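Quick note, the sequence shown lines up with residues 8 to 672 if you use the numbering used here.
The beta carbon of each residue, even a glycine, is placed where N, CA and C say it ideally should be.
From a predicted model like this one, the values you see are computed outputs, not experimental measurements.
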Amino acid sequence: MLRNAWLFPLIPAVSFWIILFFGKKLPKKGSEVGIAALLSCWVLAAISAVQWVRLPHSEDHLREPVERHLFNWFSNGKVHIRFGIHVDGLTIMMLVVVTTISLLVHVYSTSYMEGDRRFTYYYAALSLFTAAMLLLVVSDNLLQLLVGWELVGLCSFMLIGHWWEEKENSNAALKAFFTTRTGDVGLMIGIIILFFAAGQTFDIARINELALNHGISHSLVLWGAFGLFCGVVGKSAQFPLHTWLPDAMAGPTPVSALIHAATMVVAGVYLVARTYGVFYAGFSMQVGGVNLVAIIGGITVIIAALLAFVQNDIKKVLAYSTISQLGYMVMALGVGAWTAGIFHLFTHAFFKGLLFLGAGSVSHAVHSFDMKKDMGGLKKWMPSTHKTFVIGSLALAGIFPLAGFWSKDEILLGASKNGYPAFLIVGTIGAFMTAAYMTRCVYLTFYGEFRGHGHPHESPKAITVPLWILTVLSIGAGWLSIGQTFSKWTANETFETINTKIRTIEHPFNPGLALSSTVVAVLGIVIAGLYYWRNLGPREVTERNGLARGGYKLLVNKYYLDELYTHGVAGGLSGPVARGAYWINQNVIDGIVNAFGIVTRAIGNFTYNVIDQKVVDGLVNGAGYTAEEGGSILRTIQTGRVQQYAAVMFGAAFVFAVVLYLNVT
């Protein structure tokens, strides 16, 4: 199965076309095709994982990656662009995550999207979305990966704007599309730099090898890594291009779960992990001695966690939580904790998918996402949703023995042991805030008095069964950390080169640090619990004067970044930027154009009056005059009388004979 990994993107791609053309005529309107396709992919992913684990390896010998060249896209001279697959532990991990989450989202959506006016279209787009992410994961070269990368962006645009009739939804889709495209400009430049620097190849393994073994100059690797990181900042919603992700909650909730847990936003983290040789050797993740990747990740951890505190929309709380957790992953990769970063991606997929689908279950019951106005007291009406959501929240907070505890602890351990104490502090503060804002979210949703309308009820089994499956995974996935099982499963050549030849970036479990981080998380839960359950502390910070009120306004307005982008960047087109551009157009560009026009008119007049009229016409007229005069002469000869022709021929023969005689004698 490992050599046939090309089937992973192919199966949902075929499902997309079948649903698109025949879905409306099928009994379940196409949903059965999408579910069957993803169930097949999940089975193949499970088989692939078992085969990978069984491949021979030892402490000194890694499992060999499976590479297969399928066909050539095109060739140009010595450059041959191929379509191929690369399967290693990182690939297998992503295949398991993507197919598991996508399958559960497909099943969940049968109930959540029931009766939707574009139900068939939704399932077609969902299949294409999954196919694009799987193509990105199995690609062995950057150009092929870029195709999957851009298709993921296109599908997110389609699904975020699924209910495009409402302007808010269409605006959110456009914002996501254009913001991520901004980062993609840098990504494409980075790919081009690395292509030429590596000897005109897009092969990821080859580029990593050259980068780590000094086969590419440091400056080129640095700029190539910087370009790739621009794409990561956009796609994985890192500061300052994180603003699109909360607005993307305008799409259907199952789509939000898929985007946040297994596709769109984790693509950037995957790219850093896959091209880690480039980042490590070129950036050394450092610019002027400052670790840019870790800094961007660390900033994102804190600013997003703070924004989660002031959200009343349950999905936006989870959206800012995702941004913060993506910051953890990027920060981990920045401080050299490669396994910790991708392990957090792995565990986060399950509990964040659980939380988003839980939020969808709540909205299915109360027909709203507003925690303050329409929720509260749902514990007694929705026991399954309540229990699973609480477990997911505790996993996100990093409470032992749930999945988040293990992966977040590895990130903090990596920051501590690899010489980044500042990011250990950042990670610890982030853990405290995560526990606190999720406690607030749980309280406003499930406890206190019900503030909505009607009679809430538990969701159907198509919704609750996926919740319980993800709950089990949120409990058990973290245990792969024991004995460094996950590390041994996902290790590859790039990782091992860095780990053994450059410096050690893997460390054993540290009970002391784990206990400390757990205490911090519990403290966050206790303080938030006392604030909401026991009414301890200031109740309305917005009514206070001074710094607290100003800080609250800053958070509510999301640091005014949207205003900066809308009015300062995009809005600048109608402000000072526009006036400056108009002045340049009128005084510089128009002058150049007018001068160019004068020159071209002079050249045109010279060409017409001299070249055309005197030279070209003269030649043409002269040729005509010569032909006419020649014709007049020939007319005197061509009389039509045979006697004259005979006389001319006789005279010519006589002259020829005389000349020949004279030459001979």
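Per DSSP, the beta-bridge partners of Arg75 are Ile92. In the three-state reduction of the DSSP assignment, Ser243 falls in the coil class, being assigned neither a helical nor a strand state. Asn178 and Ala255 have their C-alpha atoms roughly 9 Å apart. Per DSSP, reduced to three states, the secondary structure at His462 is coil, with no helix or strand assignment. If you draw a 10 Å sphere on the C-beta of Tyr277, you find 16 or more other C-beta atoms in it, and that means buried. In this structure Val159 is not in contact with Met336, their Cβ atoms being roughly 17 Å apart against a cut-off of 8 Å. With respect to Gly383, Tyr444 sits apart: the two C-beta atoms are not nearer than 9 Å. Going by C-alpha positions, Thr117 is about 22 Å away from Met140. Excluding its 5 nearest sequence neighbours in each direction, Gly289 has C-beta neighbours in its own chain below 7 Å: Ala218, His225, Val228, Leu229, Gly231 and Ala232, listed in chain order. Judged by their CB atoms, Ser481 and Leu361 are nearer to each other than the 9 Å cut-off. DSSP lists no bridge partner for Phe493. By the neighbour-count criterion, in which a residue is buried when 16 or more other Cβ atoms sit within 10 angstroms of its Cβ, Glu417 is buried. Three or more beta-carbon pairs separated by less than 8 Å are not found between the stretch 407 to 427 and the stretch 312 to 329, which leaves the two stretches without contact. Closest in C-alpha terms to Val112, from the list Lys495, Ala521, Arg556 and Leu474, comes Leu474.
For Met336, the enclosing alpha helix (DSSP H) stretches over residues Ile321 to Gly341.
In the three-state reduction of the DSSP assignment, Trp80 falls in the strand class. DSSP places Asn148 within a strand segment (E or B) once states are collapsed to three. Listed in chain order, the beta strand (DSSP E) elements of length 3 or more contained wholly in the stretch 152 to 186 amount to none.
Collapsing the DSSP output to three states places Val86 in a strand. Phe376 is not a Cβ neighbour of Ser368, given a cutoff of 9 Å. Note: Asp210 is bridge-paired with Asn148 in the DSSP secondary-structure output.
Considering only Ala44, Leu133 and Gly275, the residue with the shortest C-alpha distance to Leu153 is Gly275. Boundaries of the alpha helix (DSSP H) around Leu474: Lys468 to Gly483.
DSSP, reduced to helix, strand and coil, places Asp381 within a helical segment of the structure shown. Under the criterion of beta carbons closer than 8 Å, Gly41 and Ile18 do not qualify as touching, at roughly 10 Å. For Met165, same chain residues with a beta-carbon under 6 Å away, outside a window of 5 residues either side, are Ala132 in chain order. Here Gly365 has Thr392, Thr395, Phe396, Gly399 and Leu474 as same chain residues with Cβ atoms under 8 Å from its own Cβ, once five neighbours each way along the sequence are excluded. With a contact defined as Cβ atoms closer than 8 Å, Cys237 and Leu194 qualify at about 6 Å.
The continuous alpha helix (DSSP H) containing His355 extends over residues Trp345 to Val373. Counting every other CB atom within 10 Å of its CB across the protein chains shown gives Gln207 a total below 16, marking it as exposed. Between His460 and Asp381, the C-beta gap is smaller than 9 Å, which places the two residues in contact. With contacts defined by Cβ atoms closer than 9 Å, Ala535 and Gly483 do not form a contacting pair.
Contact fails between the stretch 46 to 64 and the stretch 80 to 90, because fewer than three Cβ pairs, one in each stretch, are under 8 Å apart. The beta carbon of Val103 lies closer than 7 Å to those of Ala52 and Ala56 in the same chain, with the five residues before and after it left out. Between the beta-carbon of Thr307 and that of Leu248 there is about 10 Å, and that puts the pair past the 8 Å contact cut. Taking Val145 as reference, the option from Phe246, Val73 and Val317 with the minimal CA-CA separation is Val73.
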